[in-house]
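Trainee:
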Amino acid sequence: MTDKITPSQIFSERLREARKLRGYNQEDLAARAEMPATTIAHFETGTRKPSFESLRRLAVALEITTDFLLGRVDSPELAQAGDPLYRDIGRLSGNDREIAKDFLKMLADRNAKKDKG
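So for the sequence shown, the working numbering puts the first residue at 1192; every next one is plus one.
#1: Helix, strand or coil: which one does DSSP assign to Ala1303?
#2: Determine the extent of the alpha helix (DSSP H) in which Arg1248 is found, giving its start and end residues.
#3: By alpha-carbon positions, which one of Lys1211, Gly1237, Arg1213 and Ser1242 ends up nearest to Met1226?
#4: Relative to the C-alpha of Leu1206, which residue among Phe1259, Ile1196, Glu1218 and Lys1304 is closest?
#5: Is the beta carbon of Ile1201 sitting closer than 8 Å to the one on Gln1217?
#6: Figure out for me which residue from Ala1221, Asn1286 and Ala1291 has the closest Cα to the Cα of Leu1249.
#7: Between Asn1286 and Arg1210, what straight-line distance do the alpha-carbon atoms span, to the nearest angstrom?
#8: Where does the unbroken alpha helix (DSSP H) through Glu1218 begin, and where does it stop?
#9: Less than 7 Å between C-beta atoms, sequence neighbours within five positions excluded: which residues of the same chain meet that for Gln1237?
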């Protein structure tokens, strides 16, 4: 007997992974997606399945594609095209790319220092 992962299980795992990737707790995501936090909890435990509208709201709130949430893409990096920041960086050229890269590194370093205490 094979333990095949169902689409609902994939969605639950991907939603949790994307939420944590963005640094949100369930309440944060719920507020951004304009839905109750209990709904997020139900989606993550697999006790409820999202409607198309809920799926769309979650993808927008997480700035990630529905393909990642639904398991059509295996890596959140491959779903970056849904992230407006990623799309904007892709349109930069030359010196602007270097400035953006330096600025993003500075922000990441600042956040890393905050996380350490």
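For each residue, glycine too, the CB sits at the ideal point set by N, CA and C.
Mentor: On the basis of the data shown:
#1: Mapped onto the sequence shown, residue 1303 falls at position 112. Three-state DSSP puts Ala1303 in a helix.
#2: Residue 1248 sits at position 57 when you count from the first residue of the sequence shown. Arg1248 -> alpha helix (DSSP H) spans Phe1243 to Leu1253.
#3: Numbered from its first residue, the sequence shown carries residue 1226 at position 35. Checked all of Lys1211, Gly1237, Arg1213 and Ser1242; the closest Cα to Met1226 is Ser1242.
#4: Residue numbering aside, residue 1206 sits at position 15 when the sequence shown is read from its first letter. Considering only alpha carbons, the answer is Phe1259.
#5: The count along the sequence shown starts at 1 and reaches residue 1201 at position 10. The count along the sequence shown starts at 1 and reaches residue 1217 at position 26. Cβ distance not < 8 Å, so Ile1201 and Gln1217 don't count as in contact.
#6: Position 58 of the sequence shown, counting from 1, holds the residue named residue 1249. Among Ala1221, Asn1286 and Ala1291, the Cα nearest to that of Leu1249 belongs to Ala1221.
#7: Taking the first residue of the sequence shown as position 1, residue 1286 is located at position 95. Taking the first residue of the sequence shown as position 1, residue 1210 is located at position 19. Approximately 33 Å, taken between the alpha carbons.
#8: Here the question's residue 1218 lines up with position 27 in the sequence shown. From DSSP, the alpha helix (DSSP H) with Glu1218 extends over Gln1217 to Ala1224.
#9: Here residue 1237 refers to the residue found at position 46 when the sequence shown is read from its first residue. The sequence given here has Gly at residue 1237, not Gln. Excluding positions up to five away in sequence, the list reads Ser1199, Gln1200 and Ser1203.
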